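Please read the structure below before turning to the comments.
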Amino acid sequence: MAPSCPPARRGVRPARSANNRSDRLVKAREEAELALEALRAKIQADDKRLQLLRLQSRALLEKRQADAFDPTPARRRMYDDRELALASQIPGPAEYTPRLLRKATGKTFGASERSIGSGTGSSKVELVRDKRHLPGPASYTPGVTPHPQRSPRSSSFGPPPHIAQGRVVRSAHDVSYRISHLIDLPSPGAYSPQSPRSTKRGVVMKPSSARSSRDRALKEASALPGPGSYAHELALKFNSIYRCGPRLGFHPGKLKSSLDLEIERASATPGPGAYDHFGQLRRHGVSRFGTTPQAGLLEAIQKEAGCTPGPDAYHPSPTFEEELEMRRYKKAIIEGDSVPWNR
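All letters in the sequence shown, in the order written, are residues 517 to 859 by this note's numbering.
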């Protein structure tokens with residue numbers, strides 16, 4: 517009989533396994549609690565961040581509404597106060613009347629010793645004061661030398677002679693003075709194109725009697741006949757050689773169809789611009805190109821077809837060998853010899 521284990525030893529293993537299991541459960545519970553606390557802290561941080569964003573957006577909205585309804589918004593400094601003061605002293609467009617200084621020497625426009633631009637305010641103030649005495653657009657007269665041939669041409673932008681004598685310059689915006697030279701002119705449709713005779717001698721422009729190259733080209737083009745309105749010498753000779761004959765009978769040479777005749781005639785006839793009407797005028801004295809309407813291609817083909825015999829309506833002319841053979845055949849028949857007729 518085998519020895520049995522003592523009871524104390526049998527109960528040791530279950531106790532140890534139970535302790536290990538309980539330790540594991542405790543550790544797992546602690547880890548879960550730590551993770552839960554970290555998650556809660558993260559959620560709280562996200563909530564705080566979301567609340568801050570909401571507060572910030574609400575503050576921006578309230579600020580926009582306050583700025584929109586505020587009658588006195590905050591001033592933004594975009595310009596210098598000195599520049600604004602100087603700009604307020606300069607008149608705007610059409611708000612000033614330029615006057616020249618009554619000096620015989622005049623005003624010269626050149627390089628100034630004062631610095632103009634970004635500098636002290638005194639230089640800009642002097643510049644504004646100088647601009648008050650400068651002439652405006654169309655309010656000055658350039659003084660040109662009266663005899664440009666004797667002395668070199670020059671001009672100076674200074675006061676005109678009547679200014680030096682004490683007269684006042686008219687304003688550049690005086691419309692009546694600017695259109696005074698248009699008062700004596702007639703209105704549209706109230707004048708005659710025929711100008712009255714003047715006692716002053718002058719140059720009269722008349723059209724030239726000489727013809728231009730365009731007029732000469734048009735006249736020559738009107739004298740030239742168009743395509744198909746002339747009779748060429750080769751075509752006349754062609755018609756005289758190949759004239760129509762009787763329907764029945766012998767014709768010298770090989771007969772040709774109407775299409776071949778028309779092709780040869782077209783090849784012998786020059787095209788548009790391939791003739792010289794001046795040369796024929798000099799040779800014959802009279803132009804051979806008439807203005808009568810010529811027959812078309814279809815009418816010419818029909819006319820030639822009417823003069824050409826049809827199939828089996830003509831007898832071809834025999835050659836010399838055929839005539840000699842025919843005579844021998846007739847002689848053999850008369851003499852009673854049997855000679856075959858090979859034709």
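Just so it is clear, CB atoms sit at the ideal spot from N, CA and C, and this is done for glycine as well. Since we're looking at a predicted model, the values are computed, not measured.
Rounded straight-line distance, which links the Cα of residue j to that of residue i
{"i": "Leu734", "j": "Thr785", "result": "26 Å"}
{"i": "Leu840", "j": "Pro834", "result": "10 Å"}
{"i": "Asp563", "j": "Arg556", "result": "10 Å"}
{"i": "Leu566", "j": "Leu576", "result": "15 Å"}
{"i": "Glu546", "j": "Gln560", "result": "21 Å"}
{"i": "Ser783", "j": "Gly822", "result": "22 Å"}
{"i": "Glu778", "j": "Pro827", "result": "19 Å"}
{"i": "Ala601", "j": "Gly608", "result": "14 Å"}
Reduced DSSP secondary structure (H/G/I, E/B, other) of residue i
{"i": "Gly826", "result": "coil"}
{"i": "Leu814", "result": "helix"}
{"i": "Ile849", "result": "helix"}
{"i": "Glu546", "result": "helix"}
{"i": "Leu698", "result": "helix"}
{"i": "Ala706", "result": "coil"}
{"i": "Glu611", "result": "coil"}
{"i": "Ser533", "result": "helix"}
{"i": "Ala551", "result": "helix"}
{"i": "Leu840", "result": "helix"}
{"i": "Ser833", "result": "coil"}
{"i": "Ile632", "result": "Residue placement at Ile632 is poorly supported in this model, since its pLDDT is 42, which falls under 50; the coordinates are not used for a value here."}
Where the alpha helix (DSSP H) containing residue i begins and where it ends
{"i": "Pro690", "result": "Reading off the sequence shown, one finds Asp at residue 690, where the question assumed Pro. Neither: Asp690 is in no alpha helix (DSSP H) and is coded neither H nor E."}
{"i": "Asp731", "result": "729-739"}
{"i": "Glu861", "result": "This structure does not reach residue 861, given that the chain is present from 517 up to 859, and the question cannot be answered."}
{"i": "Glu599", "result": "597-605"}
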